[in-house]
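As structure tokens, this is what we get:
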């Protein structure tokens, strides 16, 4: 089993839709859970981070962590064409980040 | 807004040559990282660096790789004898403290092409 799994997509949605992006993981030592957005040929851009289980909201973005199920989600409300990018989940125990392979999202106008 | 910068944006080199990739982390950050992303694959951790020492390194970071902070602002990754499979995007990242390792800020990357 891979350490972090993520549906690679691509995922296409109409503008204004609610998007749900998910990752599962196997290492129970992970304590920090991050979501990054990566545009083509650019560096990952930190969107949100969460410590342990729970929800965190920032504008149109909501991150959820369920450590009992080893499952994390990112919800994007009122999606915009500018949200079109690859979304990477990342997890950490200490300073070693483990990234998921990314989900490519297209929001169609 | 402060940002991590990397040079060059694209480096082409021949197999067996040495390359040095350069990064300028955010000025008040103390922890520095290098990652690699082979085209179409996931971002992979290479090494973390603090107080002029390597803190952690992955299996990828073998003897052909080295890192250095030669002065107060630059952070470099050296690949001694490049191989074709070293072709990838290399990202530098930095964070302010170990307690905020989750809050890493990435540079735009250097695309390394080994021919």
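Chains as they are written, first to last, in our numbering: chain S, 277 to 385; chain D, 309 to 423.
All residues carry an ideal CB built from backbone N, CA and C; glycine is no exception.
Note that the structure is predicted; figures quoted are calculated from it, not measured.
So with CB distances below 9 angstroms, who are the chain S contacts of residue i?
i: residue 333 (chain D); result: Those within 9 angstroms of residue 333 (chain D) in chain S number zero; the least Cβ separation is about 13 angstroms.
i: residue 391 (chain D); result: Chain S residues near residue 391 (chain D): none, gap ~22 angstroms exceeds 9 angstroms.
Give the interface partners of residue i over in chain D, defined as CB-CB distance under 9 angstroms, in chain order.
i: residue 397 (chain S); result: Summary: the structure shown does not reach residue 397 (chain S), with chain S confined to residues 277 through 385, and so no result is reported for it.
Can you give me the Cβ contacts of residue i inside the same chain, cut-off strictly under 6 angstroms, excluding the 5 residues immediately before and after it?
i: residue 385 (chain D); result: 329, 342, 375
i: residue 305 (chain S); result: 369
i: residue 411 (chain D); result: 403
i: residue 344 (chain D); result: 352, 354, 396, 398
i: residue 290 (chain S); result: 384
i: residue 356 (chain D); result: 341, 363, 364
What is the C-beta distance between residue i and residue j, in whole angstroms, given that I count them as a contact (C-beta under 8 angstroms)?
i: residue 424 (chain D); j: residue 415 (chain D); result: Lying before the first or after the last residue shown, residue 424 (chain D) is absent from chain D, which here runs from 309 to 423.
i: residue 381 (chain D); j: residue 332 (chain D); result: 5 angstroms
i: residue 379 (chain S); j: residue 297 (chain S); result: 5 angstroms
i: residue 312 (chain S); j: residue 321 (chain S); result: 6 angstroms
Would residue i pass as an interface residue toward chain S - the criterion being a Cβ-Cβ separation below 8 angstroms?
i: residue 416 (chain D); result: yes
i: residue 399 (chain D); result: yes
i: residue 364 (chain D); result: yes
Excluding the five sequence neighbours on either side, which residues of its own chain have a C-beta within less than 8 angstroms of the C-beta of residue i, listed in chain order?
i: residue 317 (chain D); result: 416, 417, 418, 419
i: residue 408 (chain S); result: Nothing in the structure corresponds to residue 408 (chain S), since chain S is present only between 277 and 385.
Using the beta-carbon of each residue, which ones in chain S are nearer than 7 angstroms to residue i?
i: residue 351 (chain D); result: 320, 364, 375
Using a cut-off of 7 angstroms between C-beta atoms, extract the partners of residue i located in chain D.
i: residue 378 (chain S); result: 350
Residues of chain D with a CB under 8 angstroms from the CB of residue i: which are they?
i: residue 325 (chain S); result: 410, 411
Is there at least one Cβ from chain D nearer than 8 angstroms to residue i's Cβ?
i: residue 368 (chain S); result: yes
i: residue 372 (chain S); result: yes
Going along the chain, which residues of its own chain have a beta-carbon closer than 7 angstroms to the beta-carbon of residue i, five neighbours each way excluded?
i: residue 336 (chain D); result: 404
i: residue 359 (chain S); result: 352, 381, 383
i: residue 279 (chain S); result: 301, 302, 303, 374
i: residue 338 (chain D); result: 358, 404, 405
What are the partner residues of residue i, as DSSP defines its beta bridges?
i: residue 331 (chain S); result: S:340
i: residue 223 (chain S); result: Nothing can be reported for residue 223 (chain S), as the shown portion of chain S is limited to 277 through 385.
i: residue 396 (chain D); result: D:420
i: residue 386 (chain D); result: D:328, D:374
i: residue 354 (chain D); result: Answer is none; residue 354 (chain D) lacks a bridge partner.
i: residue 345 (chain D); result: D:351, D:397
i: residue 320 (chain S); result: According to DSSP, residue 320 (chain S) bridges with nothing at all.
i: residue 402 (chain D); result: D:340, D:413
i: residue 298 (chain S); result: S:349
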